[in-house]
Amino acid sequence: MTESETGGPELYFPALGAIYEKLTPYTWPLVRVTVGLMLVPHGWMKLIGGGLEGTAKFMAQIGLEPAYPLALYIALLELVGGVMLALGLFTRPIAVLVVGFMAVSAFYVHGANGFLWIKGGFEYPLFWGLVALAVAVRGGGPMSLDARMKRQF
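Using our numbering, count along the sequence shown one by one with no gaps and you end on 142.
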């Protein structure tokens, strides 16, 4: 493929152009589904695995009140919202909620620890917050329940 055919620079390996073209429609759903499914185990652990009390206790210790309702909200956002993102259902509003959650996690919970995640820093929640922001801006895409319902926010 040439630049005039793709609208971008010419490929170093033109034979890959056909592969890229076939895979491109699946890349956005892969990102959206990954964001959703990465949240689910965290919500599951809090709601089903008995971690809700511990999460609420931690939130109270760092001054996030009312701790128990916030912990329940986060657990539901991770579990139910994660499934909804994976399915592409109400994608934009759920993704916006995840952006807010990750912003609080990055800067309020982990901010004092610096950047590196390995040292308890804000790197990981910042990364997921930015990916969730991309999902919020772009929406569910053509392979989503939002698209099947022919309605989006």
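No residue lacks a Cβ here, since even glycine has one placed at the ideal position from N, Cα and C.
Model, not experiment: these values are computed from the prediction.
- Short of 8 Å from the beta carbon of valine 69, and not among the five residues preceding or following it, lie these beta carbons of its own chain, in chain order: Gly32.
- Going by beta carbons, valine 85 and alanine 49 fall outside the 8 Å limit.
- Ile63 is the residue among Ile63, Gly52, Ala4 and Leu12 whose C-alpha sits nearest the C-alpha of leucine 36.
- Assignment of methionine 132 by DSSP, reduced to helix, strand and coil, places it in the coil class.
- Scanning its chain for C-beta atoms nearer than 6 Å, with the 5 sequence neighbours on each side dropped, one finds around aspartate 135 the residues Gly77, Thr80, Gly129 and Gln141, in chain order.
- Going by beta carbons, leucine 74 and arginine 21 fall inside the 8 Å limit.
- Judged by DSSP in its simplified three-state form, lysine 139 adopts coil rather than helix or strand.
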